[in-house]
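Only one structure is covered here, and it is reproduced in the block below.
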Amino acid sequence: MTMLLSLVLLVDGHHALPTNFPASSCAASERPLRSIMSTGHRRQRLRAMAVLRRCYFTLPIAQLRLDSDPEIRLSAWRVALADKAPNDPMWNLALESLPLRHGRSILSWRLDSKRLQSVLVERP
Amino acid sequence: MLCLYLACSGQDDIYHDELPKAVAVERIERIETVQRLTSSSGIAELVFDLPAQTQSFALFVEGDPQAEYLITQLESPDGVLVRAEATDEEISSGLGAAAGPFFSANRSVGDHAGTSLLVPNDPMIKVTAGSWRATIQSTRSQDHTITVSRMEQRAQGRPSAVRIPLSIHLTGAEGMRSEAASEHARLRRAQNQLESVFSPIGITFSPITYVDISDDYQVIEDIELNDAQGLELLAQGSAEQGLNVFIIERFDSGDEILGTIGGVSAAIPGDPRSKQRFAGVVVATSFSEDEPSRDLLGLTMAHEIGHFLGLFHTTEAAGFLDNISDTQEEPQRNLMHHLSQQGFDQLTEHQGMVVRGHPAGAAP
Numbered sequence: 014m015t016m017l018l019s020l021v022l023l024v025d026g027h028h029a030l031p032t033n034f035p036a037s038s039c040a041a042s043e044r045p046l047r048s049i050m051s052t053g054h055r056r057q058r059l060r061a062m063a064v065l066r067r068c069y070f071t072l073p074i075a076q077l078r079l080d081s082d083p084e085i086r087l088s089a090w091r092v093a094l095a096d097k098a099p100n101d102p103m104w105n106l107a108l109e110s111l112p113l114r115h116g117r118s119i120l121s122w123r124l125d126s127k128r129l130q131s132v133l134v135e136r137p
Numbered sequence: 060m061l062c063l064y065l066a067c068s069g070q071d072d073i074y075h076d077e078l079p080k081a082v083a084v085e086r087i088e089r090i091e092t093v094q095r096l097t098s099s100s101g102i103a104e105l106v107f108d109l110p111a112q113t114q115s116f117a118l119f120v121e122g123d124p125q126a127e128y129l130i131t132q133l134e135s136p137d138g139v140l141v142r143a144e145a146t147d148e149e150i151s152s153g154l155g156a157a158a159g160p161f162f163s164a165n166r167s168v169g170d171h172a173g174t175s176l177l178v179p180n181d182p183m184i185k186v187t188a189g190s191w192r193a194t195i196q197s198t199r200s201q202d203h204t205i206t207v208s209r210m211e212q213r214a215q216g217r218p219s220a221v222r223i224p225l226s227i228h229l230t231g232a233e234g235m236r237s238e239a240a241s242e243h244a245r246l247r248r249a250q251n252q253l254e255s256v257f258s259p260i261g262i263t264f265s266p267i268t269y270v271d272i273s274d275d276y277q278v279i280e281d282i283e284l285n286d287a288q289g290l291e292l293l294a295q296g297s298a299e300q301g302l303n304v305f306i307i308e309r310f311d312s313g314d315e316i317l318g319t320i321g322g323v324s325a326a327i328p329g330d331p332r333s334k335q336r337f338a339g340v341v342v343a344t345s346f347s348e349d350e351p352s353r354d355l356l357g358l359t360m361a362h363e364i365g366h367f368l369g370l371f372h373t374t375e376a377a378g379f380l381d382n383i384s385d386t387q388e389e390p391q392r393n394l395m396h397h398l399s400q401q402g403f404d405q406l407t408e409h410q411g412m413v414v415r416g417h418p419a420g421a422a423p
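Next up, the structure:
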């Protein structure tokens, strides 16, 4: 079992994040991670979002979809669309609110076979 | 936290008493030898002789694309540099069967479709002329052929300076294209940062060439670069006996949150021959902002090149330290720390000697 020094430190990394964390580490790190989401640099904010998600905390997605940084908006939209069927009108809303180059990630996310499979299993 | 230095008790003969002196060399020979071996029951044995004047060497193993490989043992005329067995404490690290090689005097890590190893990746380790023996373990138990390329660096001593040809491949991310590369502010900033990190340890990148590649590679799906797209990207490399860098927009491996990964090296160490499985590093523009005080593109590029040239993290997120003795001095501003922050741009004398031993280096 590897010991993570602190989940908050992970926001300054640049390699792949672990897929899950001990619940106690999550609880201890939630507040500082949320603070970083408000005040950090882009990479810190994105990694804080990812850690919070992997800790099963909720994110203020509606607010993040309006963020000034399109990279943050893109990830917020992907979270919002994760359980949406390909014909859901929210996909078009996402495409309209993002720059063209970010829209490509939304389009490929829409067609992602693994994601589709999980959506279809959950919502037959 | 596990202390790695001198991990093999009773193996002091494998170390120099003091750091070998770095010398200005006019000539660096790079000798490549290819051997084909049969891996049987998941094991292949490699035996080779190193002549005098060999300062360092790298092994690049190519095998079954579906299998994983790890150099689990390496024995020099002086003793064991990579060992398969792990101590109880090392086993508890969570690294499983890879713990012994990871915590060896000369750290060894596995990879998909092959593996690689730079010797020495601690400059205190002796590279002695004579007979060497390596064991390569595979997850594929059926008999199959693997190819081992050995690249030796021969010189009058450990070089104090080397030159590395650098090809930067542009996918069009952030509007970076070869015809305007010299005027692209962010690209210039990254290149300047790269030069300022590596020039103090005697590494110059020359020539530097810019190569346009398809924008199909702006988004890379496999961060291990082991799917069809990742392998195709690496196959675009054009630097012969040098370093290929690929600048993409982002990694998208299916996670909902994007932009969390700044870059990857195809291996530690990477392969200086172009179009090989481990031939390059990939960095993403979307990871940080195009604003000087927040931009980490150059530092990330430098960090991944550090991996490519044979360096591990000075401190891993899990607390493991590297196998180099002068990297834990305070303040911690080392380029190879697992954290990426402005100002983490230092490399130590010992790290410098490791990277100058990579086979990508030519005489200045």
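Protein sequences, first through last, are from chains A and B.
Under this note's numbering, residues 14 to 137 are what the first sequence spells out, in order.
Under this note's numbering, residues 60 to 423 are what the second sequence spells out, in order.
Even glycine gets a Cβ: it sits at the ideal position worked out from N, Cα and C.
Remember, predicted model here, so these are calculated numbers, not experimental data.
- Close to chain A, meaning a Cβ-Cβ distance shorter than 7 Å, are the following residues of the region 332-354 of chain B: S345, F346, S347, E348, R353.
- Note on geometry: alpha-carbon atoms of Q57(A) and F34(A) lie some 18 Å from one another.
- Here V93(B) is exposed. Its C-beta has fewer than 16 other C-beta atoms within 10 Å.
- Just so you know, the alpha carbons of A361(B) and V168(B) end up roughly 21 Å apart.
- The beta carbon of L355(B) sits closer than 7 Å to those of G321, F346, S347, S399, all from its chain and outside the five residues before and after it, given in chain order.
- When beta bridges are read from the DSSP output, D271(B) appears opposite L229(B).
- In the three-state reduction of the DSSP assignment, I282(B) falls in the coil class, being assigned neither a helical nor a strand state.
- The beta-carbon separation of A240(B) and Y276(B), rounded to 17 Å, does not stay under the 8 Å limit for a contact.
- With contacts defined by Cβ atoms closer than 7 Å, T407(B) and D385(B) form a contacting pair.
- For L394(B), no chain A residue has a C-beta closer than 9 Å to its own C-beta; the minimum C-beta separation is roughly 12 Å.
- Taking 7 Å as the CB threshold, L20(A) stays off the interface with chain B.
- Contact note: S399(B) reaches chain A through D25, G26, H27, using a C-beta cutoff of 7 Å and chain order.
- Proximity to L225(B) across I195(B), T131(B), F257(B), G289(B) peaks at F257(B), based on C-alpha coordinates.
- Contact between I73(B) and K185(B) holds: CB atoms are separated by about 6 Å, below the 8 Å threshold.
- In the three-state scheme derived from DSSP, where H, G and I count as helix and E and B as strand, Y69(A) is classed as coil.
- At least one C-beta of chain A is nearer than 7 Å to the C-beta of I320(B).
- Apart from the 5 residues on each side of it in sequence, D271(B) sits with its Cβ closer than 7 Å to the Cβ of L229, R236, S237 in its chain, given in chain order.
- For M50(A), no Cβ of chain B is located within less than 7 Å of the residue's own Cβ.
- Counting only runs of at least 3 residues, the region 365-412 of chain B fully encloses no beta strand (DSSP E) element at all.
- Every unbroken stretch of the beta strand (DSSP E) spanning 3 or more residues and falling wholly within the region 293-335 of chain B is given here in chain order: 302-307, 322-324.
- Q215(B) has its alpha-carbon roughly 31 Å from the corresponding atom of L129(B).
- The alpha-carbon of M50(A) is positioned some 13 Å away from that of L20(A).
- In the same chain as R192(B), and ignoring 5 residues on each side of it, the C-beta atoms closer than 6 Å to its own belong to V106, E134, in chain order.
- Excluding its 5 nearest sequence neighbours in each direction, S265(B) has C-beta neighbours in its own chain below 6 Å: R222, listed in chain order.
- Sequence-ordered contacts of the region 250-275 of chain B with chain A are nonexistent [C-beta pairs closer than 9 Å].
- Here DSSP, grouped into helix, strand and coil, assigns P45(A) to helix.
- By the Cβ test, the region 87-101 of chain B is not in contact with the region 158-167 of chain B, since fewer than three Cβ pairs between them sit closer than 8 Å.
- Counting only unbroken stretches of 3 or more residues, the beta strand (DSSP E) elements lying wholly within the region 203-248 of chain B are 203-213, 221-229, in sequence order.
- Taking A172(B) as the centre and dropping the five residues before and after it, the same chain places the C-beta of P124, R336 closer than 6 Å to its C-beta, in chain order.
- Cβ proximity to chain B below 8 Å picks out M62, A63, R66 from the region 61-75 of chain A.
- With a threshold of 7 Å between beta carbons, S88(A) makes contact with chain B.
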